[in-house]
Amino acid sequence: MAEIRAEITANVWQVVVEEGQMVAEGDEICILESMKMEIPVTTEVPGVVRELDVEPGQTVQEGDRIALIDES
Amino acid sequence: MADPRYDWGPLVGDLAARKARALEMGGEKLVERQRSLGKLTVRERLDLLLDPGTWVEYGLLADHMDAGLGDRYLAADGAITGVGEIDGRPVAVAAYDFTVMAGSMGGVGESKIARMRAHALRQRIPFVWLLDSAGARIQSTSGSSFAGAGALFREQVAMSGVVPMVAAILGHCAAGTAYIPGLADFVPMVKGTSSMALGGRHLVKAAVGEDVTEEEMGGSAVHTKVSGVADLEVADDEECLRVVRDYLSFFPQHNRERPPVRTSTDPVDRRAEELYELVPTAARRAYDVRKVVHAIVDDGHVFWMKPEWAKNVVTGLARVGGQAVGIVANQPMVLGGALDVNAADKAARFVWLCDAFNIPLVFLHDVPGFIVGSAVEKQGIIRHGAKMLFAVSEATVPKISVVLRKSYGAGYFVMNGLAYEADYIVAWPTAEIAVMGPDGAVNIIHRRQLEAIEDEEERAARRLELAEEIRANIDPYIAAGHAQLDDVIDPADTRAAIARGLHVTADKQVDRPWRKHGVLPV
């Protein structure tokens, strides 16, 4: 299991994946918005999105978990 | 029959035997063990580091000379020193031999290295450490004679910025041998076999009760991705020695010399039209600025420094028209390119490094500013941001800026804005230079007006409208109209623009009031 965490305090702008979806290394999980920039959050490991902790419009703090990836 | 009074045979034979014994290092068994750990021997490392046939060794016949260690023989006292050449230019070398008492720092070995430091300073040549050492030889120095120790670090500080210093980490280095890289300019680390920590595993267990491996505590992953102490993670000893040679190729021998020019067949006026594909015109969209750097430098060759740490800013050595340059570029792909404490630290140090050795700086701006908020204030963003301001202000090498897209607030200053003695500053048509972006500014300039609108949708629409009014004043042609930009350029001509900037600044001189030194924000 790999945890994906926010690296910056931000608004969640778009969530790109759904729970249960297969992702490859480098795929976007969501796009944050901070400092007036779109900040794509990607996975460094391939696998299945087991849990998704964010939805569009909410705020995340640096270090908050965004998703849990079940490595395959 | 030879006259015994003139029989040199035994004397010369004895000398040869002593030298052969020294070259056997710690003996067959320990050399075998060194190899089984995936490491090369110290002699093999020297062969790979230096041009063939250039090695002049100092102190091959050294031993520990410590009565406390009895009749034990320590080849070269575990520290190989001498002078060799890299690309035909001399460098002083100190290489610890882990097969000799774990490469521990003994009295004789350290005096050999001190002699090399003095030699490097007198000759004004770079110094390279190949570190594979357990640290101080506690067996010899556990008593209070330690009170006189430590000159090595002070002397290293005196060398800083005079001659280039490289500390390659090729084994587990603790304490004494961990501060050498801390004071060196460039620190590559071999993945899997190297580490550095102020206290080794056993000391840590005893002193603070933590049970941790050398790798977990101070391996290459820790120091190239988390702490930022090391510059580059490499796969093995061979790659490590190759990158040391490549790194030094960008540097002069000392601070009063210019970096060597390495001519290339890549034309300086080559148009980089791939930039149209690489960089979105919409300022909010991310892209990988490393590709932009590759597209504009000679042959696409960049020597990235600290590529895995503070990735929101990228720093690297490259050449344009054969001339070495240090590149500092914001990375919109990471944290939107916004600057944080580590990015400011990384960029400031890189600027100091290039400035010390007369390497011109090229800044590629695409920065929304410094990150704001309580999290970064607690980390001391003001102190770290001030460090980058300090380094860029202080640098007297040619400083060239290309504003790719946005460059806001203090982000514009630390990226070598016009007021920072930028020698040539140009922008792409997409450039937005302002105290802050329109979306932020609107909430400050028109806060009351916006708060007075009760309907949420109406307020949002008005906010957009007002932001557009502000945006209309953020335009590179307005800055160019005030001659605050030297030119607006076609992105495809960025390489040619940098080459022009280097050409017209080649003889830059800056005079400042005398001072002992500034008071550095660190």
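First to last, the protein sequences are chains A and B. For the first sequence, the working numbering begins at 12 and goes up steadily by one. For the second sequence, the working numbering begins at 855 and goes up steadily by one. Just so it is clear, CB atoms sit at the ideal spot from N, CA and C, and this is done for glycine as well.
Item to complete: Compute the Euclidean distance between the alpha carbons of residue 1107 (chain B) and residue 1319 (chain B), then round it to the nearest angstrom.
Response: Cα-Cα distance, rounded: 58 angstroms.
Worksheet item: Beta carbon of residue 1185 (chain B), beta carbon of residue 1214 (chain B): below 9 angstroms?
Response: It is not a contact, given that the beta carbons lie outside the stated cut-off.
Worksheet entry | Residues near residue 1089 (chain B) by beta carbon distance below 7 angstroms, same chain, minus five either side | These residues qualify, in order along the chain: 1045.
Practice prompt. For residue 1293 (chain B), return the contacting residues in chain A, with the cut-off set at a CB-CB distance below 8 angstroms.
Written response: For residue 1293 (chain B), the chain A residues whose C-beta falls within less than 8 angstroms of its own C-beta are 47, listed in chain order.
Discussion item. Let me check understanding here. Comparing Cα to Cα, which of B:1238, B:921, B:1220, B:979 lies closest to residue 1141 (chain B)?
Written reply: When C-alpha distances from residue 1141 (chain B) are compared across B:1238, B:921, B:1220, B:979, the shortest belongs to B:1220.
Fill in: Nearest to residue 1187 (chain B) (by Cα), restricted to the options B:1202, B:1145, B:1249, B:883
Taking residue 1187 (chain B) as reference, the option from B:1202, B:1145, B:1249, B:883 with the minimal CA-CA separation is B:1145.
Discussion item. Just to confirm, is the Cβ distance from residue 1234 (chain B) to residue 1224 (chain B) under 9 angstroms?
Written reply: Here residue 1234 (chain B) is not near residue 1224 (chain B), since their CB atoms are 9 angstroms or more apart.
Worksheet item: Going by the CB atoms, is the gap between residue 967 (chain B) and residue 945 (chain B) shorter than 9 angstroms?
Response: Contact flag unset, no.
Item to complete: Count the C-beta pairs between the segment 1047–1063 of chain B and the segment 1009–1017 of chain B that are closer than 8 angstroms, then say yes if the count reaches three, no if not.
Response: Inter-segment contact for the segment 1047–1063 of chain B and the segment 1009–1017 of chain B is absent: fewer than three beta-carbon pairs are separated by less than 8 angstroms.
Worksheet item: When you compare each of B:908, B:923, B:1085 to residue 993 (chain B) by their alpha carbons, which one comes out closest?
Response: Closest option to residue 993 (chain B), Cα to Cα, is B:923.
Worksheet entry | Local conformation of residue 19 (chain A) per DSSP, three classes | It is coil, neither helix nor strand.
Worksheet item: Going along chain B, which residues have a C-beta under 7 angstroms from residue 51 (chain A)?
Response: Simply 1140.
Practice prompt. For residue 1284 (chain B), collect the residues of the same chain with a Cβ closer than 6 angstroms to its Cβ; drop the 5 residues on either side in sequence, then sort them by chain order.
Written response: Around residue 1284 (chain B), the same chain offers 1135, 1259 as residues with beta carbons nearer than 6 angstroms, after the five sequence neighbours per side are excluded.
Worksheet entry | residue 864 (chain B), DSSP secondary structure in three states | Assigned with DSSP and collapsed to three states, residue 864 (chain B) falls in helix.
Worksheet entry | Neighbourhood of residue 1021 (chain B) by C-beta distance below 7 angstroms, restricted to the same chain and skipping five residues each side | These residues qualify, in order along the chain: 983, 985, 1034, 1035, 1038, 1041.
Discussion item. For residue 1327 (chain B), count the other beta carbons within 10 Å of its own beta carbon; 16 or more makes it buried, fewer makes it exposed. Which is it?
Written reply: Classification of residue 1327 (chain B): exposed, given that the 10 Å Cβ count is below 16.
Practice prompt. Kindly say whether residue 1082 (chain B), judged by its beta-carbon, lies nearer than 9 angstroms to any beta-carbon of chain A.
Written response: No - not a single Cβ of chain A is within 9 angstroms of the one on residue 1082 (chain B).
Practice prompt. Please report how far the alpha carbon of residue 1083 (chain B) lies from the alpha carbon of residue 61 (chain A), in whole angstroms.
Written response: Using only the alpha carbons, I get a separation of about 35 angstroms.
Worksheet item: In three-state DSSP terms, what is residue 1247 (chain B)?
Response: Helix, per DSSP.
Discussion item. DSSP has residue 1177 (chain B) in a bridge; who is on the other side?
Written reply: When DSSP reads this structure, residue 1177 (chain B) sits in a beta bridge with B:1174.
Item to complete: For residue 40 (chain A), decide whether its Cβ has a neighbour in chain B, counting only Cβ atoms nearer than 9 angstroms.
Response: Contact with chain B is absent for residue 40 (chain A), since none of that chain's Cβ atoms lies less than 9 angstroms from the residue's Cβ.
Worksheet item: Can you name the residues of chain B whose CB is closer than 7 angstroms to the CB of residue 18 (chain A)?
Response: Correct list: 1189.
Worksheet item: Quick one: which chain A residues come within Cβ less than 7 angstroms of residue 1223 (chain B)?
Response: Using a Cβ-Cβ cut-off of 7 angstroms, residue 1223 (chain B) is close to 46 of chain A, given in chain order.
Worksheet item: Between B:1310, B:1316, B:1256, B:1222, which lies nearest to residue 1288 (chain B) when the distance is taken from Cα to Cα?
Response: Taking each of B:1310, B:1316, B:1256, B:1222 in turn and checking the Cα distance to residue 1288 (chain B), the smallest one comes out for B:1222.
Worksheet item: What whole-angstrom Cβ distance do residue 1290 (chain B) and residue 1262 (chain B) have, given they're in contact under 8 angstroms?
Response: 5 angstroms between Cβ atoms; contact.
Practice prompt. May I have the straight-line CA-CA distance separating residue 857 (chain B) from residue 868 (chain B), to the nearest angstrom?
Written response: Taken atom to atom, the span from the alpha-carbon of residue 857 (chain B) to that of residue 868 (chain B) is near 19 angstroms.
Fill in: Rounded separation between residue 1160 (chain B) and residue 1110 (chain B) - CA only
Residue 1160 (chain B) and residue 1110 (chain B) have their C-alpha atoms spaced approximately 26 angstroms apart.
Worksheet entry | Alpha-carbon to alpha-carbon, residue 30 (chain A) and residue 1371 (chain B) | Pairing residue 1371 (chain B) with residue 30 (chain A), the inter-Cα distance amounts to about 57 angstroms.
Discussion item. With H, G and I counted as helix, E and B as strand and the rest as coil, what does DSSP make of residue 1219 (chain B)?
Written reply: Strand, per DSSP.
Worksheet entry | Selected residue, minimal CA-CA separation from residue 1229 (chain B), among B:1194, B:1305, B:910, B:895 | When each option's Cα is compared against that of residue 1229 (chain B), the closest is B:1194.
Worksheet entry | residue 1182 (chain B) and residue 1172 (chain B) closer than 9 angstroms at C-beta | At least 9 angstroms separates the beta-carbon of residue 1182 (chain B) from that of residue 1172 (chain B).
Practice prompt. Give the C-beta separation of residue 59 (chain A) and residue 15 (chain A) to the nearest angstrom, bearing in mind that I take them to be a contact with Cβ-Cβ under 8 angstroms.
Written response: About 13 angstroms separates the two Cβ atoms, so there is no contact after all.
Worksheet entry | Residues of its chain near residue 1304 (chain B), where Cβ-Cβ distance is below 8 angstroms and the 5 sequence neighbours each way are ignored | Taken in chain order, the residues that qualify are 1296, 1297, 1313, 1316, 1317, 1320.
Fill in: Runs of alpha helix (DSSP H) wholly within the segment 965–1047 of chain B (minimum 4 residues, chain order)
Segments of the alpha helix (DSSP H) lying fully in the segment 965–1047 of chain B: 992–995, 1005–1013, 1030–1037.
Worksheet item: Given that a residue counts as buried once 16 or more other Cβ atoms are within 10 Å of its Cβ, and exposed if not, what is residue 1087 (chain B)?
Response: Its Cβ being crowded by 16 or more others within 10 Å, residue 1087 (chain B) is buried.
Fill in: Amino acids of chain A, ordered along the chain, whose beta-carbon sits closer than 7 angstroms to that of residue 936 (chain B)
Neighbours of residue 936 (chain B) across chain A, judged by C-beta separation under 7 angstroms, do not exist; the nearest C-beta is about 43 angstroms away.
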